[in-house]
Amino acid sequence: MAEMENQAWQPLPGVEGVKIYPFLRKVDIISSNSYLVAAPGLIVVVDPGGLPEQADILLGEISRLITEKPRPVIVCLTHVHLDHCSQLLSHPGFRKIPLRIVAVQEQGAQALENGDRAATIADLIQHDLERTDIDIRLLPAGCDTARRKEEVNLCGASCTMCFDTLKIGEGRTLPRQYMPLHGESMIEFFPTPGHSPDSICIRIGEVLFTGDLVFATAPGVAGLKGWDLKALLASLDNMIALLSIGGISVCLPGHGRPMEAQMMLRTLTAMKKEAASLEGIESINPAWVKETAAYAGDLMDEVDRLFTIIAGRLVYVAHIMDELEESGEADRLRGMIDSNLVDELLSDFNRFSLEYHSGQVLEIHVALKANQISQKLERIYRGELLGSVLDLSLVRRVERLLLDYTITFRGFRPQVDLEPTDISIAAGKVITALSCPRYHDESIIEAESEEEFARALALRIASVNPFENLDVAYTPGLDIPIALMDTGRFTDLLMYVLEKISVAGATRLSLGTGTTRNMVWIQVKSPGPLQAFSERVQRFITRSGRLSGGKCTISPEGNGMSILLEYPSVNSHTQDS
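Using the numbering used here, the letters of the sequence shown correspond one by one to residues -15 to 561.
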């Protein structure tokens, strides 16, 4: 990792007499890193960031510098997402800098001048957007067609701005705009669209400011307004080539820690492989954020419920095994999952969710938080091991939920494996499983070793039937066409519905299958009122129905409720095709 002290002036590598002041932050969507570069005749600000307190510190340093020696201040944006530039627009201190020039890539300049809420992601973070005038439009269309110069006014002083193409090896050239900084040194601007159409990298001496290039393939980032896969791949190739020819020692990203050039080179090379897998990614817009945040809440609610069941059963079985002086098996069970860490992660999300409902955080933050937590849970969740003791359906459902959210947040649809299925047989298997224990007493009796005996006993103790008091009247229909569905998801959904009805206190329900027109259906009727299912539970059932390939309708039925799942028949699907 490149060494650079945070919030301290230090020599800028490769340029004598010029210093740099990095303002480095943790990675988030609230604000970016910021950088000040001080030359004898010019101060450069790269990305003022998104926090007032961050701007206050930067402005304090700028004020001290121009008090010591008045000079122009050029504010350069790597792109116009508000986490990088909102303080330029809203902080009065930036508007009052005496000799201030704002330099932004041409398309970004248009977005700021027109108040484009989508291009600046103001619509996603629900931020006010003040319009501002741009002094220098960087890298305008056609700048790579011919070498040229033009004079620009830097607060009363004339400055020569040059345009050309830089040879970066193997017949490759890179459009470049540059201006003098100090002595023979320059500020160079390179187009790197992909993350956004206005994204640029900036080079001063041996330092390359990379903006959000290294985050362009990240979940929740890839797919933003203006994200362009083809342009991103070209930008990655260009920056890999630029770094490969040497002369750059440190790269300063828009978020996170500085990186040595070789580390950045490896990172960008790895990104090319990742980027190639993002063809067809969904657009991240306010509607996507709203839907994904709601999904996050529903998912975490169910994950919390399932983990509580899993942890509770493991603790109970471990306790009984201790009582039976099977301490080795008890310790094995306790080691299957870090319950304290799981509780901590889920409690963290619940706190975050409460902050969202009280208006302290935004929907996009909820979606991001759920992604962070689901990935951590995936890393510590050992489904195969848990499945040796607990109900496989329970274990599989947790795995599927976590994976589905990760895929959704990545910008894709979860995988749905549609297959011809006899819905009556599939439902019958679920109902049979309600009363069919996973254990066999013979396994305990016939165990050939102490270890086999302990594990068979643990499996017996862990077996719990939550449907003991539930009477299911099942009426399969006759001559029902074969349905097209994801059988695994259908099984999980039906089990979830039956669990919820049982937990709500119902002692009986009816379940039937049938066909109407080109659809095959299964209907669950419960005497319990619809109010027994919260809005979140109803959303979860409806979404799960879609993911299984069908359509779900939840409605009152007399004094009770009805859950109807409909799937296309194989014949109708063939005709439609």
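The C-beta atom is built at its ideal place from N, Cα and C for all residues, glycine as well.
Along the chain, where does the beta strand (DSSP E) containing residue i start, and where does it finish?
{"i": "T500", "result": "R492 to T500"}
{"i": "N137", "result": "R132 to L138"}
{"i": "R187", "result": "I184 to I188"}
{"i": "V487", "result": "No beta strand (DSSP E) holds V487; the alpha helix (DSSP H) holding it covers T471 to V487."}
{"i": "L549", "result": "G544 to P552"}
{"i": "G195", "result": "V191 to G195"}
{"i": "E172", "result": "S169 to P175"}
{"i": "L150", "result": "A141 to K151"}
Between residue i and the rest of its own chain, which residues show a CB-CB distance below 8 Å, the 5 nearest in sequence each way excluded?
{"i": "L369", "result": "M320"}
{"i": "G461", "result": "S408, G496, T497, G498 and T499"}
{"i": "M503", "result": "E550, Y551, P552, S553 and S556"}
{"i": "L454", "result": "L418, L482, I485, S486, A490, T491, R492 and L493"}
{"i": "S377", "result": "A417, T475, D476 and M479"}
{"i": "V234", "result": "A(-14), M(-12), P(-3), E190, V191, L192, P242, M243, E244 and A245"}
{"i": "D221", "result": "R156 and K256"}
For residue i, which residues of its own chain have a beta-carbon under 7 Å away from its beta-carbon, when the five flanking residues on both sides are left out?
{"i": "G231", "result": "E190"}
{"i": "L345", "result": "It should be pointed out that residue 345 corresponds to Val in this sequence rather than to Leu. Closer than 7 Å at the Cβ level, and outside the excluded window around V345, lie F336 and E339."}
{"i": "M223", "result": "T176, C185, L197 and L252"}
{"i": "G99", "result": "L113 and R115"}
{"i": "Q110", "result": "L346"}
Check each candidate in the options and name the one with the smallest Cα separation from residue i.
{"i": "Y19", "options": "V345, F193, P82 and A271", "result": "F193"}
{"i": "V2", "options": "Q344, A23, D67 and S15", "result": "A23"}
{"i": "L338", "options": "T201, K353, Y389 and L249", "result": "K353"}
{"i": "R571", "options": "D100, V487, V508 and P465", "result": "In the structure displayed, the chain extends from -15 to 561; residue 571 sits before or after that span and is not available."}
{"i": "S70", "options": "V301, P270 and A39", "result": "A39"}
{"i": "L35", "options": "P54, K53, L72 and E154", "result": "L72"}
{"i": "E309", "options": "T537, G542 and E435", "result": "E435"}
{"i": "K413", "options": "M479, C235 and K256", "result": "M479"}
{"i": "T491", "options": "G544, P540 and T537", "result": "G544"}
{"i": "M145", "options": "C60, P164 and I391", "result": "P164"}
{"i": "V508", "options": "L548, R241 and E383", "result": "L548"}
{"i": "S433", "options": "E313, Q89, P513 and G533", "result": "E313"}
{"i": "R530", "options": "A457, S546 and P398", "result": "P398"}
{"i": "S331", "options": "R297, H303, V(-1) and F291", "result": "F291"}
{"i": "C60", "options": "R79, L43, V29 and S447", "result": "V29"}
{"i": "L8", "options": "E286, L42 and L298", "result": "L42"}
Just to confirm my understanding: we take residue i, look at its own chain, exclude 5 residues before and 5 after, and list those with CB closer than 6 Å. What are they?
{"i": "A93", "result": "I118 and R121"}
{"i": "Q91", "result": "P181 and D182"}
{"i": "L128", "result": "Looking at the sequence provided, one finds Asp at residue 128 rather than Leu. Only T149 and P159 meet the Cβ criterion."}
{"i": "F451", "result": "L418 and S486"}
Is there at least one non-hydrogen atom of the ligand ZN closer than 7 Å to the beta-carbon of residue i?
{"i": "L443", "result": "The model depicted lacks the ligand ZN and carries no ligand whatsoever."}
Just checking my contact of residue i with residue j at CB under 8 Å: how many whole Å lie between their CB atoms?
{"i": "G268", "j": "G204", "result": "Note on residue identity: the sequence assigns Ile, not Gly, to residue 268. Confirmed, Cβ separation roughly 7 Å."}
{"i": "A259", "j": "L213", "result": "6 Å"}
{"i": "A218", "j": "A280", "result": "Not confirmed; about 34 Å, so no contact."}
{"i": "L83", "j": "C143", "result": "12 Å between Cβ atoms; not a contact."}
{"i": "Q(-6)", "j": "I4", "result": "6 Å"}
{"i": "V11", "j": "G178", "result": "Actually they are not in contact, since the Cβ atoms of V11 and G178 sit about 19 Å apart, beyond 8 Å."}
{"i": "I171", "j": "Y162", "result": "6 Å"}
{"i": "D31", "j": "T62", "result": "6 Å"}
{"i": "S539", "j": "S546", "result": "5 Å"}
Following the continuous alpha helix (DSSP H) through residue i, name the residue where it begins and the one where it ends.
{"i": "T157", "result": "Element bounds for T157: not the alpha helix (DSSP H) but the beta strand (DSSP E), T157 to H166."}
{"i": "L376", "result": "L376 to R394"}
{"i": "I120", "result": "Counting along the chain, I120 falls outside any alpha helix (DSSP H), though it belongs to the beta strand (DSSP E) covering I120 to L122."}
{"i": "G412", "result": "I407 to S419"}
{"i": "G529", "result": "E519 to L531"}
{"i": "L108", "result": "A106 to I109"}
| task | Tell me the start and end of each unbroken alpha helix (DSSP H) in the region 212 to 276 that is at least 4 residues and wholly inside, in chain order. | result | Taken in chain order, the whole alpha helix (DSSP H) runs of length 4 or more contained in the region 212 to 276 are 213 to 228 and 245 to 260.
| Enumerated in chain order, which unbroken segments of the alpha helix (DSSP H) with a length of 4 residues or greater are wholly contained in the region 274 to 359? | With a minimum length of 4 residues, the continuous alpha helix (DSSP H) runs that stay inside the region 274 to 359 are 311 to 318 and 323 to 341.
| task | Report the residue ranges of all alpha helix (DSSP H) runs contained in full by the region 9 to 91; include only those spanning at least 4 residues, in chain order. | result | Counting only runs of 4 or more, we get 36 to 52, 66 to 74 and 76 to 79.
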